[in-house]
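*Asks:*
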Amino acid sequence: MGVVAPNAIGLGPFTKAIQDGLSGIRFLPEMESLKFACQVGGVPPITDDILSKYFSDLTLKQLQAHGIRFGCIAGIDAWQDAGLSYPVEKEELPNWDAGCIFGAGMSGMSVIRSGIYKVDEGKVKRLGSSLIQQTMPSGVSAHLSGILGLGNQVTTNASACSTGTEAIVLGLDRIRQNKAKIMLCGSCDSYGPYVWGGFDSMRVLCRKYNHEPAAASRPMSESAAGFVPGSGAGALVLEELDHALERGATIYAEIIGGYTNSGGHRQGGTMTAPNPIGIQRCIKGALSDADIQAEEIDAISGHLTSTMGDVLEVKNWSEALGRKGSNFPKINALKSMIGHCLSAAGAIESVAAILQLHQDFLHPSINCEDLHPEIAEIIDPDCIPRQQISIPLNIVAKSSFGFGDVNSILVFKSYK
Amino acid sequence: MQEKEIIEKLTAVIKTYVEDKGVLEGITPETHLVNDLNINSAHLVDIILDTEEAFDIEIDDESAEQMLTVKAAVDIVSSKLSA
Chain P
1 MGVVAPNAIG LGPFTKAIQD GLSGIRFLPE MESLKFACQV GGVPPITDDI LSKYFSDLTL
61 KQLQAHGIRF GCIAGIDAWQ DAGLSYPVEK EELPNWDAGC IFGAGMSGMS VIRSGIYKVD
121 EGKVKRLGSS LIQQTMPSGV SAHLSGILGL GNQVTTNASA CSTGTEAIVL GLDRIRQNKA
181 KIMLCGSCDS YGPYVWGGFD SMRVLCRKYN HEPAAASRPM SESAAGFVPG SGAGALVLEE
241 LDHALERGAT IYAEIIGGYT NSGGHRQGGT MTAPNPIGIQ RCIKGALSDA DIQAEEIDAI
301 SGHLTSTMGD VLEVKNWSEA LGRKGSNFPK INALKSMIGH CLSAAGAIES VAAILQLHQD
361 FLHPSINCED LHPEIAEIID PDCIPRQQIS IPLNIVAKSS FGFGDVNSIL VFKSYK
Chain Y
1001 MQEKEIIEKL TAVIKTYVED KGVLEGITPE THLVNDLNIN SAHLVDIILD TEEAFDIEID
1061 DESAEQMLTV KAAVDIVSSK LSA
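Chains as they are written, first to last, in my numbering: chain P, 1 to 416; chain Y, 1001 to 1083.
(1) Is any beta-carbon of chain P found at less than 7 Å from that of LEU1081 (chain Y)?
(2) Hey, how far is the Cα of LYS83 (chain P) from the Cα of ALA249 (chain P)?
(3) Can you say whether LYS179 (chain P) is buried or exposed, counting buried as having 16 or more other CB atoms within 10 angstroms of its CB?
(4) Would DSSP call VAL396 (chain P) helix, strand or coil?
(5) Using a cut-off of 7 Å between C-beta atoms, extract the partners of GLU1019 (chain Y) located in chain P.
(6) Please report the Cβ distance between PRO1029 (chain Y) and VAL1077 (chain Y), rounded to the nearest whole angstrom; I am assuming they are in contact, meaning their Cβ atoms lie under 8 Å.
(7) With respect to the alpha helix (DSSP H) encompassing CYS38 (chain P), which residues constitute its N-terminal and C-terminal limits?
(8) Nearest-angstrom Cα distance between SER56 (chain P) and GLY1022 (chain Y)?
(9) In the DSSP assignment, find the unbroken beta strand (DSSP E) run with ALA1054 (chain Y) in it and report its ends.
(10) Taking C-beta pairs closer than 7 Å, name the residues in chain Y that SER129 (chain P) reaches, listed in chain order.
(11) Which stretch, first to last residue, makes up the alpha helix (DSSP H) that contains MET183 (chain P)?
(12) Going by beta carbon distance, what residues of the same chain come within less than 8 Å of ILE1048 (chain Y), once the five residues before and after it are set aside?
(13) Relative to the alpha-carbon of LEU144 (chain P), which residue among P:ASN210, P:LEU170 and P:PHE70 has its alpha-carbon at the smallest distance?
(14) Could you tell me whether the Cβ of ARG218 (chain P) comes closer than 7 Å to any Cβ of chain Y?
(15) Which residue from P:ALA215, P:ALA167, P:ILE76 and P:ILE182 puts its Cα closest to that of GLU246 (chain P)?
(16) Have a look at LYS315 (chain P) and ASP242 (chain P) and give me their C-alpha separation to the nearest angstrom.
(17) Quick check on this structure: which residue in P:MET136, P:LEU150 and P:VAL43 has the alpha carbon closest to the alpha carbon of ILE112 (chain P)?
(18) Determine whether the Cβ of LEU1049 (chain Y) lies closer than 7 Å to any Cβ atom of chain P.
(19) With three or more C-beta pairs closer than 8 Å as the rule, is the region 263-278 of chain P touching the region 357-372 of chain P?
(20) So THR260 (chain P) and SER408 (chain P) are in contact, right, with Cβ under 8 Å, and what is the actual spacing, rounded?
(21) Thinking ASP189 (chain P) and SER231 (chain P) are a contact (beta carbons under 8 Å), I'd like their distance in whole angstroms, please.
(22) Just to confirm my understanding: we take ALA425 (chain P), look at its own chain, exclude 5 residues before and 5 after, and list those with CB closer than 8 Å. What are they?
(23) Please name the residue in P:ILE277, P:GLY41 and P:GLU240 whose C-alpha comes closest to that of ASP405 (chain P).
(24) Step through the CB atoms of chain Y and report whether any lies within less than 7 Å of the CB of ARG26 (chain P).
(25) Below 9 Å on C-beta distance, what does THR1016 (chain Y) contact in chain P?
(26) Could you give the first and the last residue of the continuous alpha helix (DSSP H) run that contains THR135 (chain P)?
(27) Nearest-angstrom Cα distance between MET220 (chain P) and ILE46 (chain P)?
(28) List, in order along the chain, the chain Y residues whose C-beta lies closer than 7 Å to that of ARG126 (chain P)?
(29) Rounded to the nearest angstrom, what separates LEU150 (chain P) and MET271 (chain P) at their Cα positions?
(30) Mind checking who GLU254 (chain P) pairs with in its DSSP beta bridge?
(31) Buried or exposed: which applies to ASP291 (chain P), given that a residue is buried once 16 or more other Cβ atoms fall within 10 Å of its Cβ?
(32) Taking VAL396 (chain P) and ASP310 (chain P) to be in contact with their CB atoms under 8 Å, please state how far apart those CB atoms are, rounded to whole angstroms.
(33) Less than 6 Å between C-beta atoms, sequence neighbours within five positions excluded: which residues of the same chain meet that for THR15 (chain P)?
(34) Within its chain, find whatever has a CB closer than 6 Å to the CB of ILE389 (chain P); leave out the 5 residues flanking it on each side and keep chain order.
Following this line, the structure appears as structure tokens:
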């Protein structure tokens, strides 16, 4: 696995950060000067030193798109962490059994902006060779395939904030269909005023904590005031079990089920609000695909964005699982520390969910001292860890929901 | 501008697009950008753009298509500079 998150880069530092409840949310002066109502956000602390470890000078010159850079770093890290050979020389043949489904949101926004200025000035000739490969939706998977020599399916999915989780569901399907042995799955997204402006205008971003950034993202709390935008990338190497066992790979977890659906903008669902029946069907679909009972889920890594949607999500989980009060699984929100990383969210949060499953702990869901009373009516407050806890975990579910009324859920099981 | 200066400036432009800097050591006027320096042919466009900027010249399409060796590039730049 590999991760580029606002509070840490790389699996080791990221594990420590989420155990410690470390917030990666900062005040961003540029958003203040551009009159954003929300002036905080999550940007991964990438340095030139880190970049030079992954990219040549030429690649960096030709690859300015932040989201694609994040995706490549997470993808390369995941590849190496899985014990697969790296660097992959140009002379080597493609690995026909290895593919990539890597989702993206607005990963090349800054590059699109500079390109538009050139075109408007009548300088289309000066766009050069690198604009398309950075601005096409599949830019990130295309770059990763070139770096790693992937010869199976190489594509990018997009389903807004459910993108990362959906990418893993799609990779799982590909391997189950026996069409690939290895799928590098994940997602990435960029940051900054051009990516986040539309959300600010919609008044869905948090605007009450500009001078207290670490407290801004408050999933499940009564004082939650909108989501905090974030960015980054997460990546996982999915591999057919026997193939992984044969080469002695580290197995963090088994993906036993996944499901993707849409609420169709019906029954209360809209472009921006989920159809609760759709979500509950998605949860049940994932359980059925995993062939487990609702009681077997030990913990949920929620979508939980720090909006009114949090109450609805907990309600939907409770109804779909038929579990409430102290019988409800543990539930936590990584977004409390890193904000909502949009298209990257599902992949980063899946990495976090698997780390917790593998190491038997749950990270704190920070900024939730004042649990929302409507959530407290459904589940016992002790279901939400406010401090890191050690706990034996066997099955963890990960949910992601996105604009367009789309849903994806994964079920991870500890591999022993 | 002296030819030596042109070559120096051009080499600096070309160098950016060479992944394995080792191949630059044996560079001669006949060196082919794609075949000898292993430059990705998509990057020839960028070399032309960077050359235009470095020498403050405009390279027409016909000349651009011929900029495949070091000598061709030097000749094209020289002729544009003296035009």
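We put the beta carbon where it would ideally sit given N, CA and C, even for glycine. A quick note: this is a predicted structure, and the numbers were derived from the prediction, not measured.
*Replies:* Let me lay it out:
(1) With 7 Å as the cut-off, LEU1081 (chain Y) does not count as an interface residue toward chain P.
(2) The amino acid occupying residue 83 (chain P) in the given sequence is Gly; Lys does not appear at that position. Computed Cα separation, rounded: 6 Å.
(3) LYS179 (chain P) comes out exposed.
(4) Strand at VAL396 (chain P).
(5) Within 7 Å Cβ-Cβ: SER56 and LEU58.
(6) The C-beta separation of PRO1029 (chain Y) from VAL1077 (chain Y) comes to about 13 Å, leaving the pair out of contact by the 8 Å criterion.
(7) No alpha helix (DSSP H) holds CYS38 (chain P); DSSP gives it neither H nor E.
(8) The straight-line gap separating the alpha-carbon atoms of SER56 (chain P) and GLY1022 (chain Y) is approximately 14 Å.
(9) According to the DSSP assignment, ALA1054 (chain Y) belongs to no beta strand (DSSP E) but to the alpha helix (DSSP H) extending over 1044-1055.
(10) Those are ALA1042, HIS1043, VAL1045 and ASP1046, listed as they occur along chain Y.
(11) Where MET183 (chain P) is concerned, there is no enclosing alpha helix (DSSP H), although the beta strand (DSSP E) it sits in stretches over 182-189.
(12) Here the set comprises ILE1059, ALA1064 and MET1067.
(13) Closest by alpha carbon: P:PHE70.
(14) Answer no: the Cβ-Cβ gap between ARG218 (chain P) and chain Y never drops below 7 Å.
(15) The candidate whose alpha carbon is nearest that of GLU246 (chain P) is P:ILE182.
(16) The alpha-carbon atoms of LYS315 (chain P) and ASP242 (chain P) are separated by roughly 39 Å.
(17) The residue with the shortest Cα to Cα distance from ILE112 (chain P) is P:MET136.
(18) With 7 Å as the cut-off, LEU1049 (chain Y) counts as an interface residue toward chain P.
(19) Not touching, per the Cβ criterion.
(20) Indeed, because the Cβ distance is near 5 Å, the residues count as touching under 8 Å.
(21) Their Cβ separation, rounded to whole angstroms, is 5 Å, which keeps ASP189 (chain P) and SER231 (chain P) in contact under 8 Å.
(22) This structure cannot settle anything about residue 425 (chain P), because the visible part of chain P is limited to 1 through 416.
(23) Closest option to ASP405 (chain P), judged by alpha-carbon separation, among P:ILE277, P:GLY41 and P:GLU240: P:ILE277.
(24) With a threshold of 7 Å between beta carbons, ARG26 (chain P) makes no contact with chain Y.
(25) Think of a sphere of 9 Å around the beta carbon of THR1016 (chain Y): the chain P residues whose beta carbon falls inside it are ASP57, LEU58 and LYS61, in chain order.
(26) For THR135 (chain P), the enclosing alpha helix (DSSP H) has its first and last residue at 131-135.
(27) The straight-line gap from Cα to Cα measures roughly 30 Å.
(28) Those within 7 Å of ARG126 (chain P) in chain Y are LEU1049.
(29) Between the alpha carbons of LEU150 (chain P) and MET271 (chain P) lies a distance of about 35 Å.
(30) According to DSSP, which records beta bridges pairwise, GLU254 (chain P) is partnered with P:LYS413.
(31) Looking at its Cβ environment, which holds fewer than 16 other Cβ atoms inside 10 Å, ASP291 (chain P) is exposed.
(32) Contact flag wrong, Cβ pair sits at about 19 Å.
(33) So the list reads LEU355, once near-sequence residues are dropped.
(34) Answer for ILE389 (chain P): LEU362, listed in chain order.
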